[in-house]
Amino acid sequence: MWMMPEPEMTAHTQVNLPEMEDIEWAMDILADLRLRGVIEHNVVFGNYLHDASAFTTRADWYDGEGPIPDEVAEKIQETYNVGWWTFHLSLFGDGSIVEAKQKIVSDAFEPRLGKKLEWRHWRKGQPREPFSIAVGVPMVLPLNVVNWMGGRGGHIGFSPVLPPSGELAYDAFLRRKRRFEEAGLDYYSSFTVGHRHIANVNMILYNRDDADMVRRTKELFTQMIADAREEGYGEYRTHIEYMDPVAETYDFNNHALMRLNETVKDALDPNGIIAPGRGGVWPARLRDGRKG
Numbered sequence: 022m023w024m025m026p027e028p029e030m031t032a033h034t035q036v037n038l039p040e041m042e043d044i045e046w047a048m049d050i051l052a053d054l055r056l057r058g059v060i061e062h063n064v065v066f067g068n069y070l071h072d073a074s075a076f077t078t079r080a081d082w083y084d085g086e087g088p089i090p091d092e093v094a095e096k097i098q099e100t101y102n103v104g105w106w107t108f109h110l111s112l113f114g115d116g117s118i119v120e121a122k123q124k125i126v127s128d129a130f131e132p133r134l135g136k137k138l139e140w141r142h143w144r145k146g147q148p149r150e151p152f153s154i155a156v157g158v159p160m161v162l163p164l165n166v167v168n169w170m171g172g173r174g175g176h177i178g179f180s181p182v183l184p185p186s187g188e189l190a191y192d193a194f195l196r197r198k199r200r201f202e203e204a205g206l207d208y209y210s211s212f213t214v215g216h217r218h219i220a221n222v223n224m225i226l227y228n229r230d231d232a233d234m235v236r237r238t239k240e241l242f243t244q245m246i247a248d249a250r251e252e253g254y255g256e257y258r259t260h261i262e263y264m265d266p267v268a269e270t271y272d273f274n275n276h277a278l279m280r281l282n283e284t285v286k287d288a289l290d291p292n293g294i295i296a297p298g299r300g301g302v303w304p305a306r307l308r309d310g311r312k313g
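Sequential numbering of the sequence shown, starting at 22, is according to my numbering.
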C-alpha cells in the first residue's frame, strides 16, 4: 500500500452510458486518458447489475426463468440513475492541476455524451463525505452482491486480461454476455481500465442451494476458460478449483511458463510443503496429473 499526502483538491464525476455499444468508444477514451496520466486511478467500468445487486436481490425485480429481460434492466437503470454501463472518475492533487485535468476529461467525453459532466469538488479543510469514492474511503457494501440470486449466495469471477482497446473490449463483452445467456444466468461484468491493460471481471452470481444453478455456473466458467484460450487471453486470477485449467491455458512454447515455475518451485521448495498446487504449480511429488 502506497501512502500519499492529502490532496489540495479532488473532483469526482459519475459517467452513465445509456447503450451497451457505448463501451467501445468510451473504453478508447479512458485508455488514452489513463496512458497519458490524466486519470491516475484504475477505472471500474461496470454494468447496471453492480448497483442493483448491492442494494437488492433479484426477486425484488424479477422472478422468471432465464436472464432478466431488457425492460427490467431499464427499470434498474432508472431507479439507481445509472446507465447500461457506469463508471466513476476521480481527480486529485494541486487545485490548478485538478482543474486542468477536469477540462481535459470533460472535453473528451461531453461531445460523445451530448451533455455536460456533473463534477463534485472537495477542497482541503472541508468536511469529507462519508464513504466517498473520491477520497478513497473503503467500504464493504459491494459484498452484498453475493445475495443477488437468493439462498446461500455464491460468486465466482472469470477475469481475463485484454489490451486497452475499445474494439476488443466490445467483442469480449458480446462473447461473454452470450455465454451468460446460454447458461440462463444474469450478466454481471466490469472492465477495469489499468495503465496499459483492461481486466474484464465477469462475475457469476448464483444460489449455492440450487443444484441446477451450481451446475450451470460451473459449465459456464469452464466454457469461458476455453473461449479465452482460443481468443488468446489469460486470466489474472481464479478460484482455487480452477487454478489447474487456467494455468493450462498459458501454453506458449510448449508451456514454457509452467516449466519455469516448476523449476523454481523444485529449487525453493523441494519437499513441496508451501501451498502445493497454488496457481497450478505443483511440487514434483504431486505433479503427475496435477492432482493434490
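Glycine included, each C-beta is placed from N, C-alpha and C at the ideal position.
{"Item": "Uninterrupted beta strand (DSSP E) stretches inside the segment 116 to 204 (no shorter than 3 residues)", "Value": "140 to 144 and 174 to 179"}
{"Item": "Beta carbon of Gly116 nearer than 8 angstroms to that of Glu29", "Value": "yes"}
{"Item": "Classification of His216 by the beta-carbon crowding that lies within 10 angstroms, buried from 16 upward", "Value": "exposed"}
{"Item": "Alpha-carbon spacing of Glu95 relative to Leu206, whole angstroms", "Value": "18 angstroms"}
{"Item": "Span of the alpha helix (DSSP H) around Leu112", "Value": "Careful: Leu112 lies outside any alpha helix (DSSP H), inside the beta strand (DSSP E) at Trp106 to Gly114."}
{"Item": "CB contact flag (Glu240, Ala193, <8 angstroms)", "Value": "no"}
{"Item": "Nearest residue (CA-CA) to Arg258, options His33, Asn223 and Trp303", "Value": "Asn223"}
{"Item": "Exposed unless 16 or more other CB atoms sit within 10 angstroms - verdict on Ile295", "Value": "exposed"}
{"Item": "Distance between Gly146 and Tyr208 (C-alpha atoms, nearest Å)", "Value": "42 angstroms"}
{"Item": "Asn221 - partner residues in DSSP beta bridges", "Value": "Phe212"}
{"Item": "Residue interval of the beta strand (DSSP E) (run including His30)", "Value": "Per the sequence shown, residue 30 should be read as Met rather than His. Note, Met30: beta strand (DSSP E), Met30 to Leu38."}
{"Item": "Length-filtered (4 minimum) alpha helix (DSSP H) runs lying within the segment 212 to 282", "Value": "232 to 252 and 264 to 269"}
{"Item": "Cβ distance (whole Å) where Gln98 is taken to contact Trp105 below 8 angstroms", "Value": "7 angstroms"}
{"Item": "Inter-residue spacing [alpha-carbon to alpha-carbon] between Arg237 and Gly178", "Value": "14 angstroms"}
{"Item": "Spatial distance of Met24 from Arg299 (CA atoms)", "Value": "30 angstroms"}
{"Item": "Per-residue burial, Val158 [other beta carbons within 10 Å of its own, 16 or more giving buried]", "Value": "exposed"}
{"Item": "Nearest neighbour of Glu42, chosen from Asn68, Phe201, Asn168 and Met245 [CA to CA]", "Value": "Asn68"}
{"Item": "Residue of Leu112, Ser74, Asp287 and Glu283 minimising C-alpha distance to Glu61", "Value": "Leu112"}
{"Item": "N- and C-terminal bounds of the alpha helix (DSSP H) containing Val93", "Value": "Asp91 to Tyr101"}
{"Item": "Beta-carbon gap between Glu283 and Glu188 smaller than 8 angstroms", "Value": "no"}
{"Item": "Separation of Glu269 from Lys198, as counted between CA atoms", "Value": "24 angstroms"}
{"Item": "Per-residue DSSP class, three states only, for Val285", "Value": "helix"}
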